[in-house]
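Under this note's numbering, the first residue of the sequence shown is numbered 1160, with each subsequent residue one higher.
Ideal Cβ placement from N, Cα and C applies to all residues, glycine included.
Fair warning: this is a prediction, and the values are worked out from it, not measured in the lab.
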Amino acid sequence: MGKTSSDEWPTRVKSVIVDVLDLGIDPGELADDLSLYSSTLKMDSMTLLHLLVTFESEFGFELDDEDVMNANLDTVRSLVDLVVDVAERGRGAVAAGPANDGLGAEACR
């Protein structure tokens, strides 16, 4: 997969959200200011963790605890911003094995 330009990230992140939450809508229908905890998304902490792990897997990077703790994850846009920030900083791609910081795939098993 080629490098993602900054204007493609919102669509890619929203696509993951739609897929993981099985929303059955076009990713473009997710408003940037939509609350993660709205009746539309119905997210809880476990769903958020699942999304974060999916971002790691889908986009080939590792989210540090610090990245997640410093982000105010309350809207769709906040998730997009987190992914863009980490991806564009080039946080080392994690091709083999889960993250060791509690946010990796092992945390969801």
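- Residue state for Ser1197 is assigned as coil, using DSSP reduced to three classes.
- Separation of Val1242 and Val1212 (C-alpha to C-alpha, rounded to the nearest whole angstrom) is 12 Å.
- Across the set Val1245, Lys1173, Ser1237 and Ser1204, the C-alpha of Lys1173 shows the shortest separation from the C-alpha of Glu1188.
- Using a Cβ distance threshold of 9 Å, Asp1192 and Val1235 count as a contacting pair.
- The beta carbon of Ile1184 sits closer than 8 Å to those of Val1177, all from its chain and outside the five residues before and after it, given in chain order.
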